[in-house]
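Remarks on the structure that follows.
2 protein chains.
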Amino acid sequence: MTKLYHFSLDPMSRRLRLALAEYGLGFELIEQKPWEPDPALYGLNAAGAVPVLVTDAGEPLSGIEAVSEYLEETREDRPSLIPGTPLQRAEIRRLTGWFDTKFYAEVSEPVLTEKAIRRFLPREAGGGSPDMNRVRSGLSRLRAHLQYVEALIDRRRWLAGDELSTADLAAAAHLSCLDYLGDVPWVEFAPVKGWYQRLKSRPSFRPLLADAIRGIPAPASYADLDF
Amino acid sequence: MTKLYHFSLDPMSRRLRLALAEYGLGFELIEQKPWEPDPALYGLNAAGAVPVLVTDAGEPLSGIEAVSEYLEETREDRPSLIPGTPLQRAEIRRLTGWFDTKFYAEVSEPVLTEKAIRRFLPREAGGGSPDMNRVRSGLSRLRAHLQYVEALIDRRRWLAGDELSTADLAAAAHLSCLDYLGDVPWVEFAPVKGWYQRLKSRPSFRPLLADAIRGIPAPASYADLDF
């Protein structure tokens, strides 16, 4: 069976969980906590990071784009998550990369590191109190990104066009991690909330809503479809 | 004609210049200096960053993976730069992402920002003397990456397998920027030097070797095929 080495609050891991479910593939999840590094992970990915997908045949695949494109290329008769012409696919990949690179660096990484990961790290590995300046800066930039998502969703059914794509999965994966911490100001961005609600209601999303990190309870709204 | 908005010492821009040339596409280069931000760039890419490719039809494409995959999908009868089975393509994309994400964050970004870009930035935008701690840390991590490249090239003709791929272009694009600053310890990594020499000798590489940044002369070895 396909295995996915992941961490619950890692946006790239979440994106692959969503993609695997949308493609209808069964998989086994193996949790890797950033504060308890597993030496075996380096044998699967020289970068030592999640997500790592291990195929049925035992081949370890890493690199978020590499795995995402592999799943698309081997999906057989399942609907594409990078649908359309080369131009439309470029738009999907542009937005997917936007979230996994720019949004991650400006928002997800600082907020998740400071508010969640740092509290579990030993002091010698950088553990301790969160740097609230990094949190504030991340949450302030989150608003600019939500404005951008709102502008996209204002003129399109899904983020990159008429069809659901990896761009929606990437954006929702990042936002769902922040939502676990109660940090998404949905009330100010009603159209974005409507788009997220549609995603949140899909069967592929359900397992993410059941995630629970010991010591960090999610707010009640996190798993509520009518948040 | 296809246009590429680029910056000479931006590794992702260099990767696309190499790819365009390998695919045999003619293109016009439009230089964008990070220290003289061009407001028009935001009209082409909401992230305000290079590289941006503008197609013959005037469509602006951005996001390094988006553009790279677009060129591959529209290459017609030119040789593939992501050749092979889905598994082989996953390995190419894993290594391509390795350089554009991990190598960039750990090596290219700190070294290029501190040694080149910062000297041209106005003081209020972060200009001034380089932070030598960031340079030293970047160059120390460069050695670990060169060891990894050496381990790959020890058992493969090209980085990701038997054929030239975007993984080679990405790696060479990053290394060539550092080489422009004289910062690659080639003498300690003879097999990596041999691989780079093969790339450097390709016609696609020649325009990069003619790059010149005002105020930062490249060492003589930079353009020398027998360095």
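Chains A and B, in that order, are what the protein sequence lines are.
With this note's numbering as the guide, the letters of the first sequence map in order to residues 4 to 230.
With this note's numbering as the guide, the letters of the second sequence map in order to residues 4 to 230.
Yeah, the Cβ is synthetic: ideal placement off N, Cα and C, and Gly gets one too.
Quiz item: Relative to the alpha-carbon of residue 217 of chain A, which residue among A:36, A:15 and A:16 has its alpha-carbon at the smallest distance?
Solution: Locating residue 217 of chain A in the first sequence gives position 214, where the first residue counts as 1. The candidate whose alpha carbon is nearest that of residue 217 of chain A is A:36.
Quiz item: Can you tell which of A:220, A:42 and A:98 has the C-alpha that lies nearest to the C-alpha of residue 156 of chain A?
Solution: What you label residue 156 of chain A is simply residue 153 of the first sequence in a count that begins at 1. The residue with the shortest Cα to Cα distance from residue 156 of chain A is A:98.
Quiz item: Cα-Cα, which of B:31, B:227, B:190 and B:25 is closest to residue 167 of chain B?
Solution: If you number the second sequence from 1, residue 167 of chain B lands on position 164. Among B:31, B:227, B:190 and B:25, the Cα nearest to that of residue 167 of chain B belongs to B:25.
Practice problem: List the residues of chain B that residue 183 of chain A touches, going by C-beta distances under 7 Å, in chain order. | Solution: The residue given as residue 183 of chain A occupies position 180 in the first sequence. Simply none; closest approach about 24 Å.
Quiz item: Going by other Cβ atoms of all chains shown within 10 Å of its Cβ, with 16 needed for buried, is residue 190 of chain A buried or exposed?
Solution: Walking along the first sequence from the start, residue 190 of chain A turns up at place 187. Exposed: under 16 other Cβ atoms inside 10 Å.
Quiz item: Leaving out five residues before and five after residue 65 of chain B in sequence, what residues of the same chain have Cβ atoms less than 6 Å from its Cβ?
Solution: For the purposes of this step, residue 65 of chain B is taken as residue 62 along the second sequence, with counting starting at 1. The residues are 48 and 55.
Practice problem: Going by CA-CA distance only, name the one from A:60, A:45, A:81 and A:67 that's closest to residue 28 of chain A. | Solution: For this step, residue 28 of chain A is matched to residue 25 along the first sequence. The candidate whose alpha carbon is nearest that of residue 28 of chain A is A:81.
Self-check item: Test: residue 20 of chain A CB closer than 8 Å to a CB of chain B
Solution: The residue you call residue 20 of chain A lines up with position 17 of the first sequence. Chain B contact via Cβ: absent.
Quiz prompt | Cβ neighbour criterion (16 or more within 10 Å) applied to residue 141 of chain A | solution = Translated into the one-based positions of the first sequence, residue 141 of chain A becomes position 138. Buried, because 16 or more other Cβ atoms sit within 10 Å of the Cβ of residue 141 of chain A.
Exercise. Give me the Cα-Cα distance between residue 118 of chain A and residue 133 of chain A, rounded to the nearest whole angstrom.
Key: By one-based count along the first sequence, residue 118 of chain A stands at place 115. By one-based count along the first sequence, residue 133 of chain A stands at place 130. C-alpha separation (whole angstroms): 6 Å.
Quiz item: If you draw a straight line from the alpha carbon of residue 21 of chain B to that of residue 73 of chain A, how long is it in whole angstroms?
Solution: Locating residue 21 of chain B in the second sequence gives position 18, counting from the first residue. Locating residue 73 of chain A in the first sequence gives position 70, counting from the first residue. Going by the C-alpha atoms only, they are around 24 Å apart.
Quiz item: Under a three-way DSSP split, which group does residue 38 of chain A fall into?
Solution: Sequence index remark: in the first sequence, residue 38 of chain A carries index 35 (1-based). In the structure shown, the three-state DSSP call for residue 38 of chain A is coil.
Quiz item: In chain B, which residues lie with their C-beta within 8 Å of the C-beta of residue 100 of chain A?
Solution: Working through the first sequence from its first residue, we reach residue 100 of chain A at position 97. Within 8 Å Cβ-Cβ: 66, 67, 68 and 69.
Quiz item: In three-state DSSP terms, what is residue 187 of chain A?
Solution: Position 184 of the first sequence, counted from the start, is the residue given in the question as residue 187 of chain A. Of the three classes helix, strand and coil, the one that applies to residue 187 of chain A here is coil, per DSSP.
Quiz item: Taking a cut of 8 Å between CB atoms, which residues from the region 136-154 of chain A lie near chain B?
Solution: 151
Quiz item: Which residues in the same chain have their Cβ closer than 7 Å to the Cβ of residue 95 of chain B, if we skip the five residues on either side of it in sequence?
Solution: Along the second sequence, read from residue 1 onward, the residue named residue 95 of chain B stands at position 92. Answer for residue 95 of chain B: 85, 163, 168, 169 and 170, listed in chain order.
Quiz item: What did DSSP end up calling residue 26 of chain B once you bin it into helix, strand or coil?
Solution: Looking up residue 26 of chain B in the second sequence gives position 23. Reduced to three states, the DSSP call for residue 26 of chain B is coil.
Self-check item: Cβ-based burial, residue 13 of chain B [other Cβ within 10 Å; buried from 16]
Solution: By 1-based counting over the second sequence, the position of residue 13 of chain B is 10. Here residue 13 of chain B is buried, its C-beta having at least 16 other C-beta atoms within 10 Å.
Quiz item: What in chain A is Cβ-close to residue 105 of chain B, meaning under 8 Å?
Solution: For this step, residue 105 of chain B is matched to residue 102 along the second sequence. Here the neighbours are 50.
Quiz prompt | Per-residue burial, residue 125 of chain B [other beta carbons within 10 Å of its own, 16 or more giving buried] | solution = Indexing the second sequence from 1 puts residue 125 of chain B at position 122. Classification of residue 125 of chain B: exposed, given that the 10 Å Cβ count is below 16.
Quiz item: Roughly how far, in whole angstroms, is the beta-carbon of residue 46 of chain B from the beta-carbon of residue 68 of chain A, given that I think they are within contact range, below 8 Å?
Solution: Position 43 of the second sequence holds residue 46 of chain B. Position 65 of the first sequence holds residue 68 of chain A. Going by Cβ atoms, the distance from residue 46 of chain B to residue 68 of chain A rounds to 26 Å, so no, they are not a contact pair.
Quiz item: Name the chain A residues that come within less than 8 Å of residue 76 of chain B, Cβ to Cβ?
Solution: Counting from one through the second sequence, the residue named residue 76 of chain B turns up at place 73. Near residue 76 of chain B (Cβ distances below 8 Å), the residues of chain A are 89 and 92.
Quiz item: By Cβ distance, which residues of its chain are closer than 8 Å to residue 110 of chain B, with the 5 residues on each side in sequence left out?
Solution: For the purposes of this step, residue 110 of chain B is taken as residue 107 along the second sequence, with counting starting at 1. Closer than 8 Å at the Cβ level, and outside the excluded window around residue 110 of chain B, lie 141, 142, 144, 145, 148, 177 and 181.
Exercise. Please classify residue 5 of chain A: does DSSP put it in a helix, a strand, or coil?
Key: Numbered from its first residue, the first sequence carries residue 5 of chain A at position 2. Correct three-state label for residue 5 of chain A: strand.
Quiz item: What is the residue span of the beta strand (DSSP E) that residue 56 of chain A lies within?
Solution: Walking along the first sequence from the start, residue 56 of chain A turns up at place 53. Run containing residue 56 of chain A: 55-57, per the beta strand (DSSP E) assignment.
Practice problem: Label residue 15 of chain A either buried or exposed according to how many other C-beta atoms from any shown protein chain fall within 10 Å of its C-beta, with 16 as the threshold for buried. | Solution: Against the first sequence, residue 15 of chain A aligns to sequence position 12. Around the beta-carbon of residue 15 of chain A, 16 or more other beta-carbon atoms lie within 10 Å, marking it buried.
Quiz item: Under a Cβ-count criterion, where at least 16 other Cβ atoms within 10 Å of its own Cβ denotes burial, should residue 88 of chain B be classed as buried or exposed?
Solution: Counting from one through the second sequence, the residue named residue 88 of chain B turns up at place 85. The residue is exposed, with fewer than 16 neighbouring Cβ atoms inside 10 Å.
Self-check item: 8 Å Cβ cutoff, residue 231 of chain B in contact with chain A
Solution: Only positions 4 to 230 of chain B appear in the structure, and residue 231 of chain B is not among them; the question remains open.
Exercise. Determine, using beta carbons only, whether residue 62 of chain A comes closer than 8 Å to chain B.
Key: Here residue 62 of chain A refers to the residue found at position 59 when the first sequence is read from its first residue. At least one CB of chain B lies nearer than 8 Å to the CB of residue 62 of chain A.
Self-check item: Of the residues B:208, B:198, B:193 and B:179, the one placed nearest residue 221 of chain B, counting alpha carbons only
Solution: What you label residue 221 of chain B is simply residue 218 of the second sequence in a count that begins at 1. It is B:179 whose Cα lies nearest to the Cα of residue 221 of chain B.
Quiz item: How big is the Cα-Cα spacing for residue 198 of chain B and residue 175 of chain B?
Solution: Walking along the second sequence from the start, residue 198 of chain B turns up at place 195. Walking along the second sequence from the start, residue 175 of chain B turns up at place 172. Looking at the two C-alpha atoms, the distance is approximately 9 Å.
Practice problem: State buried or exposed for residue 103 of chain A, treating a residue as buried only when at least 16 other CB atoms are found within 10 Å of its CB. | Solution: Taking the first residue of the first sequence as 1, we reach residue 103 of chain A at position 100. So residue 103 of chain A counts as buried.
Self-check item: Beta-carbon contacts of residue 161 of chain A that lie in its chain and below 6 Å, excluding the five residues immediately before and after
Solution: Translated into positions along the first sequence, residue 161 of chain A becomes position 158. 167 and 171, listed in sequence order.
Practice problem: Can you have a look at residue 318 of chain A and say buried or exposed, based on whether 16 or more other CB atoms are within 10 angstroms of its CB? | Solution: This structure gives no information on residue 318 of chain A, because the portion of chain A shown stretches from 4 to 230.
Quiz item: chain B beta carbons: is any one of them nearer than 8 Å to that of residue 72 of chain A?
Solution: Against the first sequence, residue 72 of chain A aligns to sequence position 69. Cβ-Cβ to chain B under 8 Å: yes for residue 72 of chain A.
Quiz item: Whose C-alpha, out of A:114, A:195 and A:123, is nearest the C-alpha of residue 154 of chain A?
Solution: As a position in the first sequence, residue 154 of chain A is number 151, starting the count at 1. For residue 154 of chain A, the closest alpha carbon among the candidates A:114, A:195 and A:123 is that of A:195.
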